[in-house]
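Have a look at the structure below, then the notes.
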Amino acid sequence: MHRLGFIGTGTLAQAVIGGLETTDAGRMQILLSPRSETVSTALAAAYPNVRRAESSVEVVEESDILFLGMRPHQLDEAVASLPFRESHIVVSFLAGASIEKILPTVHPARNVVRVNPLPPIRFRKGPVVLYPANPLIEELFAGIGDLIVVDKESDLHAIGIASALMSSHYELQNRQIGWLVAEGMPVPAAAAYIRSMYDGLAEVTLQALKVGEPVIPQHHETKGGLNERGRAQLLEAGWFDEAISALDIIKDHASGLTRRS
Ligand SMILES: NC(=O)c1ccc[n+]([C@@H]2O[C@H](COP(=O)([O-])OP(=O)(O)OC[C@H]3O[C@@H](n4cnc5c(N)ncnc54)[C@H](OP(=O)(O)O)[C@@H]3O)[C@@H](O)[C@H]2O)c1
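Positions 69 to 329 (this note's numbering) are the ones given, in order, by the sequence shown.
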């Protein structure tokens with residue numbers, strides 16, 4: 069049994085712990101730093117194996133695997149003077165913070181693994197990207213999402229950029245729901261329809277992935293039908309090109325943020 073410790077227990081760490089609690093980790097000791105008072109107190113109340121520590125020092129002393137869940141600019145202050153050991157495995161959720169940047173802050177620990185989960189991990193869904201490969205950490209996350217072990221650190225950066233259209237996805241869903249409501253449908257039925265539709269579509273793409281098949285839009289529309297008309301309209305308007313241009317702009321924005329941190 070490993071002892072898990074979290075320093076920085078915000079939105080993401082809360083979702084990760086929710087997912088881990090559905091696995092064998094639900095029987096492991098999980099110690100939380102006392103900051104993030106609302107979240108850490110709620111987690112300790114919800115799960116018997118989770119405890120809110122007196123200090124981050126206690127978390128580091130009493131854990132074998134340490135999760136860093138603060139924001140990148142909070143890292144230095146959060147880990148300053150903590151008693152890391154060479155034997156610690158440090159799992160960093162910090163988007164944009166390289167292993168090279170983290171290593172000196174957790175000295176003498178040398179084993180740093182970057183893990184990039186997303187909030188749906190609490191429902192055992194969504195990607196969990198990991199670098200570098202680490203059998204112990206892979207085992208910990210196995211079954212709570214789709215584990216993707218990348219073979220170079222720069223892939224994590226690219227994935228972070230590509231993920232920045234997540235809130236736009238919700239925007240699109242809400243616009244479609246709003247359109248249905250404007251057409252006279254009640255909100256609950258409109259929301260249930262659109263959200264369930266996207267859930268079903270996502271399942272189709274995951275099943276195709278399992279058998280190694282691409283998802284070809286033309287195979288999911290009727291010749292001369294409504295979907296064909298809709299996609300043609302958006303293609304003509306440059307809508308998809310615009311989404312890809314947005315990724316390039318987000319990439320530049322991310323470089324600026326990294327330079328400032
Ligand atoms: N949210 C996502 O979808 C997502 C996805 C992938 C990666 N990430 C990465 O995950 C990290 C956390 O993101 P988040 O959205 O969970 O942020 P968040 O909700 O702001 O959580 C950060 C937590 O760190 C705590 N903290 C700050 N300084 C601390 C210190 N000195 N000692 C101990 N704890 C301290 C904060 O506590 P207080 O509340 O007391 O200030 C806060 O609860 C980020 O680095 C982000 O890049 C997030």
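For glycine and all other residues, C-beta sits at the position ideal for the given N, C-alpha and C.
On the criterion of 16 or more Cβ atoms from any shown chain inside 10 Å, does residue 254 qualify as buried, or is it exposed?
exposed
Taking the alpha carbon of residue 85 as the point to measure from, which residue in 128, 135, 103 and 105 has its own alpha carbon closest?
135
Can we count residue 129 as close to ligand 1, meaning its CB is less than 7 Å from some heavy atom?
no
Which residues in the same chain as residue 108 place their Cβ atom closer than 6 Å to its Cβ, once the five residues preceding and following it in sequence are excluded?
77, 100 and 120
Tell me whether residue 270 is buried or exposed, calling it buried when 16 or more other Cβ atoms sit within 10 Å of its Cβ.
exposed
Give the straight-line distance between the Cα atoms of residue 294 and residue 166, rounded to the nearest whole angstrom.
46 Å
Look at the alpha carbon of residue 230 and the alpha carbon of residue 300, and state the distance between them as a whole number of angstroms.
Residue 230 and residue 300: Cα-Cα distance of roughly 24 Å.
Need the endpoints of the alpha helix (DSSP H) that residue 277 sits in, please.
Residue 277 -> alpha helix (DSSP H) spans 255 to 278.
If you draw a straight line from the alpha carbon of residue 302 to that of residue 234, how long is it in whole angstroms?
19 Å
Is residue 104 near ligand 1, judged by its Cβ being under 7 Å from some heavy atom?
yes
With DSSP as the reference, label residue 199 as helix, strand or coil.
strand
As an exercise, report each continuous alpha helix (DSSP H) stretch of at least 4 residues that is fully enclosed by the stretch 160 to 233, in chain order.
List check, alpha helix (DSSP H) in window: 167 to 170, 203 to 209 and 221 to 230.
Determine the closest residue to residue 132 out of 153, 115, 94 and 114, with distance taken between C-alpha atoms.
153
Just grab the DSSP bridge partners of residue 119 for me.
As a beta-bridge residue in DSSP terms, residue 119 pairs with 99.
Any heavy atom of ligand 1 closer than 7 Å to the beta-carbon of residue 308?
no
Look at the alpha carbon of residue 187 and the alpha carbon of residue 195, and state the distance between them as a whole number of angstroms.
10 Å
Are the beta-carbon atoms belonging to residue 93 and residue 274 less than 8 Å from one another?
no
Taking Cβ positions, are residue 140 and residue 123 nearer each other than 8 Å?
Not in contact: residue 140 and residue 123 (Cβ atoms no closer than 8 Å).
Taking the beta carbon of residue 279 as the centre, do at least 16 other beta carbons fall within 10 Å, making it buried, or is it exposed?
exposed
Quick check on DSSP: helix, strand or coil for residue 342?
Outside the shown range of the chain (69 to 329) lies residue 342, about which nothing can therefore be said.
Per the DSSP calculation, residue 158 is bridged to which residue(s)?
134 and 180
Between residue 138 and ligand 1, is the CB less than 7 Å from at least one heavy atom?
Within the cutoff, so yes.
Consider the C-beta atom of residue 270 and the heavy atoms of ligand 1; say whether any pair is separated by less than 7 Å.
Every heavy atom of ligand 1 is 7 Å or more from the Cβ of residue 270, so no.
Please report the Cβ distance between residue 80 and residue 161, rounded to the nearest whole angstrom; I am assuming they are in contact, meaning their Cβ atoms lie under 8 Å.
6 Å
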